[in-house]
Structures are given as C-alpha cells and as structure tokens.
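These notes are about the structure you will find just below.
In the numbering used here, the protein residues as written are 317 to 858.
Laid out in structure tokens, this is it:
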C-alpha cells in the first residue's frame with residue numbers, strides 16, 4: 317500500500333478537526349497481549365481496505381525501532397506500522413521512555429533524545445505539558461488515515477497515575493475514542509481483573525468501554541461460557557471474542573518479559589547452540605529472532621555461569637546501560653567464564669552494539685550520558701575504546717561484508733554476494749586503539765550509505781568501515797542491529813559454524829521478511845476466527 321501524503325511533526329493539527337476514526341485497546345494489566353491484538357487489528361483493517369495506522373502516545377521500552385528518517389520509536393509501533401503496510405514515523409509514538417537505571421530514564425520526543433529525568437520529575441514537570449505533543453501527533457495521523465488503532469499502557473486503573481494520565485482513559489476522552497478492554501486468562505483471575513478494573517474507573521470512563529477481549533485462552537470454550545454469560549450480565553458490556561493462546565508466536569516482542577518464557581521453555585537439542593547473555597538492561601533482543609527460527613539452531617538466553625553450558629557461540633547483545641551491564645557480567649563471574657570458553661573451546665564470541673563496546677579495552681562516560689560519569693575497563697578482547705557522547709546515532713544503513721572477513725562462511729558463498737541492511741542505535745563513539753593495518757584484526761563491513769543517502773548517485777556516497785574482529789574469527793563485534801535478518805549473511809555464517817563442527821551446510825531455510833508478513837497474516841486469521849469483527853466495526857463507527 318502506498319503511504320498517503322503525510323503532514324510533518326512540526327505542524328499543528330487539532331484532533332477535533334481530524335476525520336479518521338479511532339479505536340483504543342487498553343488492558344487490565346501489562347503484558348496481557350495489547351500489542352499483539354493491536355497488531356492483528358492493524359493487519360485486518362489493512363486487509364479490509366482501510367488506510368490504517370497505529371498509535372501509542374507514550375511508550376516505555378528498551379527494544380526500539382528506527383524509522384526511515386533515522387528517528388527512534390517503540391518497537392511495537394514500528395512492527396504495527398509494518399502490519400499496516402506503511403512506513404513508521406514518530407507520530408505513531410511521539411514519546412518514548414527508555415529506562416537508564418532505577419527511577420531514571422531517557423526521554424525521547426519525536427524520535428530524538430531530549431533529556432534524562434527521574435520518575436518524579438517526569439511526572440511533575442513533563443507530563444503537564446505533554447498533552448499538546450500527543451494530541452498534535454494523533455491529529456496528524458487522523459488527518460491521513462481512515463482508522464487509527466490506539467494502544468494504551470499497563471492498566472487504566474492505576475489510581476496513583478490517573479490524574480496525569482496521557483496514555484489511557486484521559487487520552488481516550490481527549491480523542492473521544494471507544495475502548496476495548498483486553499484481559500489475559502492464561503495468568504488466572506480474568507473475571508476479577510475485568511470487574512476490578514471497571515470498579516476502579518469513573519462512570520464516564522467505564523462508559524467508553526464498548527467490549528471485552530479475553531486473550532490467551534487454552535481449552536474448551538464451552539467450559540468458559542458460563543463465566544462469559546455472567547460477565548456480560550454483570551457489566552452490561554459484551555465479550556467480543558475469546559482469542560486462543562497462539563503457539564510459536566513470531567511477531568517481534570517489545571518487552572523483555574517475553575524472555576522469561578524463552579528461558580524456561582524446554583528446547584529441543586539442535587546442531588548449533590547459541591547463547592545470548594541476558595543482562596538486566598538488555599535492549600533490541602529481537603536481533604536474535606531470525607536465529608531462533610532456524611531449524612538447526614537453538615538460542616538460549618542466560619544470566620548465570622551455570623547456564624552457559626558448552627555453546628558454539630556466545631552473543632553479548634545490546635544494552636541501555638553498557639557500563640552497569642558490564643559490571644553485571646563481572647560480578648556474576650560471567651566475564652571470566654566467557655573469556656575462558658573462548659580461549660579453551662575455540663568458540664565464537666560476538667558483541668552487538670553495547671556488547672561490542674564491552675569487548676574493547678575501555679569505556680568512558682565522562683559526560684554522564686549513561687548516568688555514571690566514570691570510566692570502566694572492558695573485557696580487553698578487541699583493540700577499541702568507546703566514549704559516550706550526548707549525540708545519539710539512529711540510522712538505517714546499507715553495505716556489504718568486507719573481503720576476507722575473519723569468521724568462516726559456507727563454501728558456496730562469497731563476500732561479494734552478501735549485501736547487508738541494518739540499523740544503528742547508540743550514543744557511543746568507538747575508535748580503534750591499534751593501527752588499521754594490524755594483521756591481527758580485520759574490519760567486518762563496508763557501509764555504503766545511510767538510508768537517507770540512498771537516493772544519491774554513487775559518486776556522492778561515502779563508504780566507511782564498521783565492526784572489527786580478530787583474524788582467527790573467534791571474536792568479533794559490530795554496531796549493526798538487525799544483522800541476522802539478512803538471509804544470505806545469516807545462513808552463510810551459520811553454515812560456517814556447521815562446517816567448523818564437521819557438519820554439511822544446508823541451503824537457505826526461509827526469508828525473514830517474508831516470514832514476518834506471513835506471521836502478520838497468520839495472527840490476523842486467528843483473530844478473525846475468534847473476534848466479532850462486525851461488532852468491532854460498529855464500535856468504530858464504520
């Protein structure tokens with residue numbers, strides 16, 4: 317679908333003048349499945365021919381998404397925009413909160429980091445003036461789209477937060493939006509959570525709730541029906557659908573709480589064992605999603621030495637607080653255990669973004685960008701040093717593998733056939749502390765263009781080298797997120813690991829982009845089967 321003409325974020329458009337319909341999904345609690353239901357509805361409305369856009373006024377997440385113009389929003393809204401078949405922009409998530417440490421967060425406004433604030437300062441000094449930001453963004457979306465699907469946050473019944481709410485019932489009132497309340501039956505107490513939420517709302521807020529969706533149901537619906545009948549009689553509000561628990565969900569998650577399920581889920585033994593270290597402030601863990609869906613790979617997220625086992629690869633992923641999470645590795649004994657594995661077992665150690673920074677000699681945060689204002693000694697495995705500066709680099713990039721990359725690739729692949737498309741989100745500047753022609757180390761990628769430069773002629777493009785690895789291929793790191801979403805690179809790298817173990821390479825298993833959109837359709841089909849869409853359209857006013 318071609319994206320309609322878009323009004324840039326620096327213009328004003330009053331919500332009352334907008335034409336697009338709105339529908340808001342709120343939940344009885346966090347992690348009840350609001351984001352997935354929103355994604356499914358976005359896909360359904362798009363399939364039904366409506367120009368649709370997602371919207372979340374304020375999002376708290378470390379797993380973020382880079383728009384085509386190099387701005388940062390919550391990953392859920394980026395994914396939902398993809399489900400709508402449109403390019404994401406910052407109006408879909410005008411305020412993003414990224415926790416830096418306990419009670420302090422980085423505040424990102426229209427994709428640009430503006431400040432760090434404590435929770436109390438944010439509530440007292442920022443929220444009173446946030447209304448115009450979120451309503452202007454919503455107004456612009458409604459001027460461009462037929463339907464805007466709004467997602468709330470947490471629960472609308474948080475009594476201590478309601479007076480300055482900009483993401484749940486206050487926003488629904490400002491936008492005059494109907495609300496569907498989503499509840500999670502898998503965690504138990506679903507009827508109590510719904511009725512309890514209604515009891516804590518004001519009458520005018522309850523009046524906005526036009527239906528319930530019960531999510532993550534396992535079992536015989538006939539056994540649940542008496543409870544549904546009771547709920548409708550008690551509240552006078554219809555149950556629009558009971559959605560089943562969806563197995564092997566492959567839509568990118570935003571909240572690292574999903575890693576709890578992955579950590580404790582029994583995983584079948586496969587030929588390649590990849591360990592990802594789960595630090596307290598892990599970010600952009602969806603970098604590993606494509607690896608998780610490979611048929612010969614098991615990906616394990618670990619937090620202790622005992623969980624390491626004997627993997628083929630250890631990955632240090634991104635983090636919002638590199639120095640603090642580096643200290644986590646050191647305090648847990650993980651740093652020493654990882655180095656020992658690399659030295660004694662001839663495995664690969666990979667660092668992405670913050671993990672790449674950890675592999676170096678030194679990290680300096682003299683400007684207190686991460687809130688530390690200090691230096692830290694890195695793992696000392698790569699000759700790089702990182703300084704944290706106030707400017708944040710958020711950009712999509714394109715390039716290719718350098719010739720003679722240090723790690724093994726499958727024999728049928730050559731570097732010339734492996735283009736790379738990825739994105740960067742980081743505040744650190746990393747420099748080599750050794751000569752660039754040092755034969756012990758090799759660069760990884762030649763970046764040919766940033767996304768905004770792709771329309772320029774080849775003569776205008778300035779290439780630069782990105783990433784670094786040891787010449788024996790055992791240790792390498794890069795700032796590139798989304799690296800393993802590149803199908804040819806992912807399979808060639810995995811086949812290189814297979815050959816090292818004496819296993820035959822296997823052919824391409826899937827295309828990440830195609831699988832992503834097929835998953836949107838699969839989830840949309842499931843929701844269609846179990847949701848009264850005719851009633852939903854009536855609620856919207858279509």
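Note that beta-carbon positions come from the ideal geometry of N, C-alpha and C, so glycine has one too.
Fair warning: this is a prediction, and the values are worked out from it, not measured in the lab.
- Of all C-beta pairs linking the region 816-825 to the region 698-710, fewer than three are shorter than 8 Å, placing the two stretches out of contact.
- Taking residue 818 as reference, the option from 588, 421, 594 and 851 with the minimal CA-CA separation is 588.
- Taking residue 409 as the centre and dropping the five residues before and after it, the same chain places the C-beta of 372, 375, 389, 390 and 393 closer than 6 Å to its C-beta, in chain order.
- If you look at residue 512, you'll find it in the alpha helix (DSSP H) that goes 506-515.
- A residue is called buried once 16 or more other Cβ atoms fall within 10 Å of its Cβ, and residue 750, having fewer, is exposed.
- In the three-state reduction of the DSSP assignment, residue 716 falls in the strand class.
- Secondary structure of residue 489 (DSSP, three-state): helix.
- For secondary structure counted as the beta strand (DSSP E) over 3 or more consecutive residues, the region 333-370 holds these complete runs in sequence order: 337-343.
- Ranked by Cα distance from residue 346, the options 452, 788, 458 and 501 are led by 501.
- Put simply, the backbone Cα of residue 357 is about 7 Å away from that of residue 840.
- In this structure the region 789-800 lies against the region 752-764, because at least three pairs of beta carbons, one per stretch, are closer than 8 Å.
- Annotated three-state conformation of residue 429 is strand, per DSSP.
- Between residue 741 and residue 708, the gap from beta carbon to beta carbon is short of 9 Å.
- Residue state for residue 528 is assigned as strand, using DSSP reduced to three classes.
- The beta carbon of residue 585 sits closer than 8 Å to those of 614, all from its chain and outside the five residues before and after it, given in chain order.
- Judged by DSSP secondary structure, residue 381 falls within the beta strand (DSSP E) whose first and last residues are 380-382.
- In the three-state reduction of the DSSP assignment, residue 702 falls in the strand class.
- Of all C-beta pairs linking the region 396-406 to the region 617-627, fewer than three are shorter than 8 Å, placing the two stretches out of contact.
- Between residue 485 and the set 522, 791 and 530, the nearest pair of CA atoms involves 522.
- Membership of residue 839 in the alpha helix (DSSP H) is indicated by the continuous run 828-846.
- Counting C-beta atoms within 10 angstroms of its own C-beta, residue 546 has fewer than 16 neighbours from the protein chains shown and is therefore classed as exposed.
- Residue 541 carries a helical assignment under DSSP once its states are collapsed to helix, strand and coil.
- Between residue 814 and residue 612, the gap from beta carbon to beta carbon is short of 9 Å.
- Only residues of its own chain outside the window of five on either side were considered, and among them 591, 654 and 665 have a CB closer than 6 Å to the CB of residue 630, listed in chain order.
- Distances from the CA of residue 474 to each of 456, 361 and 509 were compared; the closest alpha carbon is that of 509.
- Within the model, the alpha-carbon separation for residue 529 versus residue 433 is close to 35 Å.
- At a Cβ-Cβ threshold of 9 Å, residue 567 and residue 800 do not count as neighbours.
- For residue 694 against residue 676, the beta-carbon gap comes to about 4 Å, under 8 Å, which counts as contact.
- If you draw a straight line from the Cα of residue 342 to the Cα of residue 423, it is about 23 Å long.
- If you ignore the 5 residues before and after residue 738, its C-beta comes within less than 7 Å of the C-beta of 713, 796, 797, 798 and 799, all in its own chain and listed in chain order.
- In this structure, the beta-carbon distance from residue 555 to residue 465 does not fall below 9 Å.
- Within the same chain, 344 and 473 come within 6 Å of residue 513 by CB-CB distance, once the 5 residues on both sides are set aside.
- Contact check for residue 463 against residue 496 fails: the beta carbons are separated by 9 Å or more.
- By the 16-neighbour rule on beta-carbons within 10 angstroms, residue 610 is buried.
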